[in-house]
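Residue numbering for the sequence shown follows the numbering used here, beginning at 233 and increasing consecutively.
Every residue, glycine too, gets a C-beta built ideally from N, C-alpha and C.
Keep in mind the model is a prediction, meaning the values are calculated, not measured.
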Amino acid sequence: TLGTRSERGCNEGDYQFDSKIRSSSDLENWTLENSNAGWVDRMALNVIELNDRLYAIGFKTKLDAYTSEVWRSSDGVSWSKRTSSIAPGVFRILDPFVFDGKIMAFSTPEGSDDPGLWSSPDGATWTERNNDLPWSAANTYFTFNGAIWVVALGAETSDLELWCSSTGENWSKVSDSAPWKNQELLG
233 TLGTRSERGC NEGDYQFDSK IRSSSDLENW TLENSNAGWV DRMALNVIEL
283 NDRLYAIGFK TKLDAYTSEV WRSSDGVSWS KRTSSIAPGV FRILDPFVFD
333 GKIMAFSTPE GSDDPGLWSS PDGATWTERN NDLPWSAANT YFTFNGAIWV
383 VALGAETSDL ELWCSSTGEN WSKVSDSAPW KNQELLG
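So this is what it looks like as structure tokens:
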């Protein structure tokens, strides 16, 4: 774990902002591996693996602020900052994922809820794939069969729509009305 839960355990829901790195083989007994990973105390880390490296992307700080910093580690214990922000004005990263050999991340610019999609081969250099996504808010997304799939609120309705793309740049609407209700995805 990357120091997002208190040492009292996951069931108590007591979150602790810190930069400690802990490990566990059974999720009950934890060993402190690094008392300070280098970043400012935070929670809500997004961690992914690409090419035998871990990337910690986007964080929530004690001041309820978001950052789009990217950190990398080859062992999960020692971390180095790759960039302070994936791009100017981008402040929140929404659950990054790996697709087509790159880190992909939906993000929102400061002062907006309109998401964009960014990609990086190394966590340091980022390319905007699309800043005009055809939905208002993504509820969930996944990769399957060589494509990115998004379940989202429609831009003009409150219906859930299903979208897919093989590149992240051009999107096709697969369904105008997904067969499940919005609250089923949120709850």
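DSSP places Glu-360 in the strand class (E or B) of the three-state scheme. In this structure the stretch 295-305 does not lie against the stretch 360-369, because fewer than three pairs of beta carbons, one per stretch, are closer than 8 Å. If you look at Gly-308, you'll find it isn't in any beta strand (DSSP E); DSSP assigns it neither H nor E.
Scanning the stretch 252-299 from its first residue to its last, the whole beta strand (DSSP E) runs of 3-plus residues come out as 253-255, 263-266, 278-282 and 285-293. Closest in alpha carbon position to Leu-282, among Phe-291, Glu-265, Phe-329 and Asn-261, is Phe-329.
The Cβ neighbour count for Pro-320, taken over all protein chains shown within 10 Å, is under 16; the residue is labelled exposed. Close CB contacts of Ser-407 within its chain, under the 7 Å cut and outside five residues either way in sequence, are with Glu-393 and Leu-394 (chain order). When the beta-carbon positions are compared, Trp-403 and Asn-362 come within less than 9 Å of each other.
In this chain, the beta strand (DSSP E) harbouring Gly-348 covers 348-352. Following the DSSP letters along the chain, one finds Pro-341 inside the beta strand (DSSP E) bounded by residues 334-341. The three-state reading of DSSP puts Glu-401 in coil, since its state is none of H, G, I, E or B. Counting along the chain, Ser-344 sits inside no beta strand (DSSP E), nor does DSSP assign it H or E at all. For Asp-250, the pairing in a beta bridge is given by DSSP as Arg-274. Ala-319 is not bridged by DSSP to any residue.
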